[in-house]
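A.B. asks: Residue numbers (the UniProt record's numbering): 1 to 245. Note that beta-carbon positions come from the ideal geometry of N, C-alpha and C, so glycine has one too. Submitted below is the structure of interest, expressed as structure tokens.
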């Protein structure tokens with residue numbers, strides 16, 4: 001009797017489920033950049049213990065999505081132009097290497113996965129769901145990383161991949177349409193499938209640098225419109241205590 005092609009149900013600890021749900025809400029924009037959140041608020045809405053929520057929040061802080069503000073609570077990271085510059089310059093170097101490694105070693109199964117990731121991006125771009133497009137965009141880049149089978153490279157990428165997801169969501173919003181997004185990625189995939197090592201690396205790097213600069217410039221122009229922070233009041237001279245008569 002042949003076995004049915006049914007995927008296994010993977011059991012996940014409640015902390016991991018909470019982390020995944022919160023991560024998706026942040027990256028997808030349901031919880032907005034710069035928004036303040038508290039353990040009490042999240043635990044009540046998710047019907048989870050504060051200890052479970054606290055564990056999830058600390059994990060997301062490690063991933064660069066949250067910061068803990070003393071006496072205030074947690075705040076979703078609001079990426080600045082400087083943050084984006086750091087991310088896209090680092091990402092471009094890592095993904096260039098990944099594209100070159102994969103172009104030199106891709107096998108039949110890898111070809112199917114990579115072609116499938118591009119097809120998923122193309123399908124997503126046929127619609128108008130920005131979150132779905134951004135996830136398909138990220139998934140294509142992550143597929144290239146994973147297919148290299150380079151554990152240390154994947155580990156380094158994992159340190160910044162959630163922030164990359166946030167950048168992709170913001171960057172894709174600046175692109176005119178889905179056809180443009182597909183057109184940015186198709187040449188990279190085609191070069192990898194053709195085994196063109198140097199071309200694949202150059203195209204990957206150029207894509208990340210170009211789109212990264214656009215986003216950094218956009219954020220920089222918005223930051224320039226913000227009023228400067230108020231200057232601190234000059235400290236007065238300390239009065240000497242009066243002596244009791």
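Would you mind reading off the limits of the alpha helix (DSSP H) that contains residue 19?
C.D. replies: As a working mapping, residue 19 is identified with position 19 in the chain shown. First-last of the alpha helix (DSSP H) with residue 19: 14 to 28.
A.B. asks: Which first and last residues belong to the alpha helix (DSSP H) in which residue 122 is found?
C.D. replies: Taking the chain shown and counting its residues from 1, the one referred to as residue 122 is at position 122. Here the alpha helix (DSSP H) through residue 122 covers 108 to 125.
A.B. asks: Is residue 53 near residue 42, with beta carbons less than 8 Å apart?
C.D. replies: Reading the chain shown from its first residue, position 53 is the one you call residue 53. Reading the chain shown from its first residue, position 42 is the one you call residue 42. A contact, by the Cβ cut-off of 8 Å.
A.B. asks: Does the distance from the C-beta atom of residue 94 to that of residue 157 stay below 8 Å?
C.D. replies: For the purposes of this step, residue 94 is identified with residue 94 of the chain shown, where counting begins at 1. For the purposes of this step, residue 157 is identified with residue 157 of the chain shown, where counting begins at 1. Contact flag set, yes.
A.B. asks: Straight-line CA distance for residue 20 to residue 223?
C.D. replies: Within the chain shown, residue 20 is the residue found at index 20, counting from 1. Within the chain shown, residue 223 is the residue found at index 223, counting from 1. C-alpha separation (whole angstroms): 31 Å.
A.B. asks: Can you tell me where the alpha helix (DSSP H) holding residue 132 begins and where it ends?
C.D. replies: Position 132 of the chain shown holds residue 132. Element bounds for residue 132: 130 to 147.
A.B. asks: For residue 112, count neighbouring Cβ atoms within 10 angstroms of its own Cβ and tell me buried if that reaches 16, exposed if not.
C.D. replies: Here residue 112 refers to the residue found at position 112 when the chain shown is read from its first residue. So residue 112 ends up on the exposed side.
A.B. asks: Which complete beta strand (DSSP E) runs does the segment 176 to 210 hold, if anything under 3 residues is left out?
C.D. replies: The segment 176 to 210 contains no whole beta strand (DSSP E) run of 3 or more residues.
A.B. asks: Pull up the distance between the alpha-carbon of residue 72 and that of residue 163, whole angstroms please.
C.D. replies: Position 72 of the chain shown, counted from the first residue, corresponds to residue 72. Position 163 of the chain shown, counted from the first residue, corresponds to residue 163. When rounded, the distance between both Cα atoms is 23 Å.
A.B. asks: What is the DSSP secondary structure of residue 38, reduced to helix, strand or coil?
C.D. replies: If you number the chain shown from 1, residue 38 lands on position 38. Three-state DSSP puts residue 38 in coil, outside helix and strand.
A.B. asks: For the alpha helix (DSSP H) containing residue 67, list its first residue and its last residue.
C.D. replies: Here residue 67 is taken as the residue at index 67 of the chain shown, counted from 1. Element bounds for residue 67: not the alpha helix (DSSP H) but the beta strand (DSSP E), 66 to 69.
A.B. asks: Would residue 246 be called buried (16 or more neighbouring beta carbons within 10 Å of its own) or exposed?
C.D. replies: The question about residue 246 has no answer, for the chain in this structure spans 1 to 245.
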